[in-house]
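Reviewing the structure listed below.
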Amino acid sequence: MNSSHVSVELPAEPARLRYAAGSNQTIPTTVSPFDASFGYSLSRQSSSESRHDATSRISRSLDDGEALPCYSEDASPPTYSRKDKQPTLAEYLFKFGFIFFPFWILGACILCSPLQTPPSFDSGSAAWLPDKTDAERDAIVSKIRTLELKWAKRCLYACIAFFGLMPIVAVLIWQLVLLSSS
């Protein structure tokens, strides 16, 4: 059996010309048949139509030697300080009081309790802030005490609001029950 094979030569992929960004030179690129039939290129090459390929006006003006204007007279960078926010027991009691309201009562009791500096032990046992002087420890305790008092007052206000609104809500529910039974 004599089989004849016919060889057909397919045309090569057409070359497409595109302009390089910012110049008049053309760069030949090939277009796949898939891209030609659907009109969309899946290649990773950048397109010449993209505005992102061109250099921005800002970078060109800064390359000329111009500097951005200074917003303050002092050219030094700003200094940032850490905000010392110590988590306190009263703060936790206030936040968890929304889940279990007796925590507000315990938080309000902190208003009656004094906060004192723990004693420093000179015998080498575990001391509270052993590297600080007594004056520094007292300053830290007074700062913590003001935070404790702030959150304890919030617990007290939450207790007052809760126990002030509870009778009103109870009377309203009682009235609704009476109206619905009649």
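Letter by letter, the sequence shown follows residues 322 to 503 of my numbering. Glycine included, C-beta positions come from ideal geometry on N, C-alpha and C.
- Under the 8 angstroms Cβ criterion, the stretch 425-438 does not count as touching the stretch 489-496, having fewer than three qualifying pairs.
- In the DSSP assignment, Q407 falls outside any alpha helix (DSSP H) and carries neither an H nor an E.
- If you check the CB distance, L470 and A411 come in under 9 angstroms.
- Of the residues C480, D395, I481 and T409, the one whose Cα lies closest to the Cα of V462 is T409.
- With fewer than 16 other Cβ atoms from the protein chains shown falling within 10 Å of its own Cβ, A482 counts as exposed.
- Contact check for A479 against C430 fails: the beta carbons are separated by 9 angstroms or more.
- Straight through space, the alpha carbons of F484 and S502 are spaced by roughly 28 angstroms.
- For T400, the secondary structure class from DSSP, reduced to helix, strand or coil, is coil.
- Following the DSSP letters along the chain, one finds I465 inside the alpha helix (DSSP H) bounded by residues D455 to S502.
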